[in-house]
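Have a look at the structure below before the remarks.
Number of protein chains: 2
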Amino acid sequence: MEKDIDESRRSFIATSGKALAGVAIASSIIGGTAEDASAYSYNGGYKYQKLDPGEVGEITYKNYFKRWCASSVIAGIVEPLRRQVGGKWKDFPIDAMRWAHGGMAGWGCLCGTLIGAGTVVGLITNDTDIAEEMANDLCFYYSYTELPSYQPRKIIKTKLEDMTLAGTPVCHISVGRWMAAADKAFFSDARAERCARLAANVAIETTHMLNKWKDGRYKPAHELQFNLKAHGITSQNNCMDCHGQNVPSAEIYKTLDK
Amino acid sequence: MEKDIDESRRSFIATSGKALAGVAIASSIIGGTAEDASAYSYNGGYKYQKLDPGEVGEITYKNYFKRWCASSVIAGIVEPLRRQVGGKWKDFPIDAMRWAHGGMAGWGCLCGTLIGAGTVVGLITNDTDIAEEMANDLCFYYSYTELPSYQPRKIIKTKLEDMTLAGTPVCHISVGRWMAAADKAFFSDARAERCARLAANVAIETTHMLNKWKDGRYKPAHELQFNLKAHGITSQNNCMDCHGQNVPSAEIYKTLDK
């Protein structure tokens with residue numbers, strides 16, 4: 077059965093190597109029909125006050141070595157909010173998201189730093205569109221910034237020099253690219269140091285966004301649902317990382333039954 | 077710069093096509109050194125009572141068309157808990173995780189149903205190891221079960237016949253495989269129906285785990301960190317989905333500097 081599916085998929089994706097960008101699909105909705113899928117506001121009751129990005133980064137970095145990627149980003153933002161704001165933040169369970177480390181329990185999917193960042197953004201912004209815009213901008217930041225650039229005040233594990241462009245929010249590719257560039261194994265102090273600094277970078281970037289939002293100055297840097305509009309499927313821009321030379325054309329999706 | 081990294085990565089991963097399984101790496105830790113990374117308990121204050129999986133599935137299914145994958149799984153479990161347990165569940169912001177839809181704002185990484193399921197598991201279990209064991213088991217369930225098998229009491233969008241094996245928790249591959257098998261576009265009622273039923277399946281499976289756990293009968297079905305032990309990097313078992321014939325051998329990681 078699985079073999080049949082594999083063959084079906086292979087013929088499906090092997091049709092064309094055409095460029096991917098710029099193919100517009102006339103829709104901006106995801107869930108179903110347009111009336112289903114509109115954005116809406118909610119009230120989570122988690123208040124925000126502007127935070128010091130440097131402090132957020134340092135807390136995140138220090139927390140990584142026990143709490144790992146997702147929960148260390150949450151700790152970096154939630155711990156100062158407990159002091160500055162209190163309220164519901166006081167008993168928010170920072171460790172409840174630790175399972176997200178390593179792209180979910182080590183499965184290497186979505187980097188846990190982004191799951192942690194998205195969690196706090198969602199708790200704070202109270203608007204599905206704003207939360208999604210920040211999530212989208214964070215994916216762009218993560219994918220197209222040489223990381224980690226964060227310099228801790230006091231190094232916990234080891235000095236670090238290498239920075240890499242992930243090209244994707246996918247943990248496996250992101251950490252694999254860094255491991256190759258740095259010649260370091262996953263079970264090394266250097267790799268742990270890298271992910272700790274990366275978590276600090278993501279927490280700092282998230283804090284910049286939230287601070288701007290608090291001032292009424294946050295504007296999304298990137299178009300929402302670019303991936304769905306350009307490719308007709310949930311996707312990224314690093315198609316050749318997995319499809320190699322056989323990148324499917326977005327045109328193929330137009331042949332599918334609407 | 078990006079090109080250099082690409083070339084480095086290509087030579088890194090192109091070395092061998094050897095089988096992947098069974099290569100043991102003598103470590104069971106992730107974050108850094110062993111003393112850093114041990115599991116621990118916490119108290120989130122979110123109480124659990126056993127739920128009716130059928131009701132959870134139906135709520136999840138109905139919620140999908142407005143809340144999408146992550147938040148609909150959360151709604152399926154949290155809404156009955158608000159009635160049965162109350163307490164902190166009453167004002168838990170179900171919509172705070174909607175950004176996770178489509179593998180994070182449509183980037184196609186980790187399926188949002190699993191981010192939603194992991195969130196409630198983390199809130200409830202109060203133990204990093206148990207939450208991670210359930211997250212791991214959910215990834216296995218999602219990857220190696222023909223889905224969606226859920227049959228709604230009343231169909232909202234359209235009848236559905238096709239089920240597919242994702243082989244991965246990655247949204248882009250999972251939904252792409254289903255779209256190819258069903259000959260349906262992403263922006264179709266059938267695809268929305270598929271993801272709604274898939275969300276119900278994941279919510280039901282999560283409820284089964286949590287009910288067993290409440291009875292003291294939950295035992296993980298799969299080894300934790302199998303991916304790290306076998307491959308020396310955060311990873312899955314569907315290596316050829318992305319690496320094609322050039323699947324790197326786990327041996328290569330042993331040549332990296334520890």
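As they're listed, the protein sequences go chains A and B.
When we follow the numbering used here, the leftmost residue of the first sequence carries the number 77, and every step to the right adds one.
When we follow the numbering used here, the leftmost residue of the second sequence carries the number 77, and every step to the right adds one.
Even for Gly, the Cβ is constructed at its ideal location relative to N, Cα and C.
Can you tell me which of the three DSSP states residue i falls into?
i	result
S117 of chain B	strand
K142 of chain B	helix
D265 of chain A	helix
L223 of chain A	strand
D167 of chain A	helix
A97 of chain B	The predicted position of A97 of chain B is uncertain, since its pLDDT is 29 and thus under 50; no value can be drawn from it.
T282 of chain A	helix
K288 of chain A	helix
D128 of chain B	coil
D213 of chain B	helix
I259 of chain B	Residue identity differs from the one stated: residue 259 of chain B is Asp in this sequence, not Ile. Looking at D259 of chain B - three-state DSSP - the assignment turns out to be coil, as it is neither helix nor strand.
A181 of chain A	coil
G320 of chain A	coil
E299 of chain B	coil
P228 of chain A	coil
K233 of chain A	coil
A193 of chain B	helix
Q312 of chain B	coil
A306 of chain B	helix
A326 of chain A	coil
V161 of chain A	coil
R293 of chain B	coil
Exposed or buried, residue i, counting other C-beta atoms within 10 Å across all chains shown (16 or more means buried)?
i	result
R273 of chain B	buried
E117 of chain A	In the sequence under discussion, the amino acid at residue 117 of chain A is Ser, which differs from the Glu named in the question. Classification of S117 of chain A: exposed, given that the 10 Å Cβ count is below 16.
S225 of chain A	exposed
I153 of chain A	buried
E237 of chain A	exposed
I231 of chain A	exposed
A100 of chain A	For A100 of chain A, the predicted structure reports a pLDDT of 30, less than 50, and the residue's modelled location is therefore unreliable. A value from the coordinates is still provided. Exposed, because fewer than 16 other Cβ atoms sit within 10 Å of the Cβ of A100 of chain A.
Would you mind working out which of the options sits nearest residue i, comparing C-alpha positions?
i	options	result
G178 of chain A	A:W165, A:R143, A:Q227	A:R143
G198 of chain A	B:K138, B:T204, B:M180	B:M180
I135 of chain B	B:T331, B:I280, B:R293	B:I280
G292 of chain A	A:H319, A:H284, A:Y329	A:H284
T240 of chain A	A:K305, A:S250, A:K233	A:S250
K295 of chain A	A:V196, A:A146, A:I206, A:A176	A:I206
N303 of chain B	A:N212, A:D259, A:F263, A:P156	A:F263
D259 of chain B	A:N139, A:G182, A:L332	A:L332
D128 of chain B	B:A266, B:K288, B:T234, B:V323	B:K288
K126 of chain A	A:E155, A:A146, A:R229	A:E155
A115 of chain B	B:Y218, B:T244, B:P245, B:E208	B:E208
E327 of chain A	A:H307, A:H319, A:L214, A:C318	A:H307
A275 of chain B	B:N139, B:G120, B:K123, B:N119	B:N139
A176 of chain B	B:C247, B:K290, B:K334	B:C247
S148 of chain B	B:A193, B:L286, B:Y124	B:A193
Among all the DSSP beta bridges, which residues are the ones paired with residue i?
i	result
D335 of chain B	Residue 335 of chain B is absent from the structure shown; chain B starts at 77 and stops at 334.
V246 of chain B	B:L186
T240 of chain B	B:L223
D333 of chain B	A:K260
Query raised in the report: Given 8 Å as the limit, is there contact between the segment 166 to 174 of chain B and the segment 242 to 261 of chain B, that is, 3 or more CB pairs closer than that?
Result: no
Query raised in the report: Looking at C-beta atoms only, is the number of pairs between the segment 186 to 194 of chain B and the segment 311 to 322 of chain A that lie closer than 8 Å three or more?
Result: no
Query raised in the report: Would you say the segment 150 to 166 of chain B touches the segment 216 to 223 of chain B, given that touching needs at least three Cβ pairs under 8 Å?
Result: no
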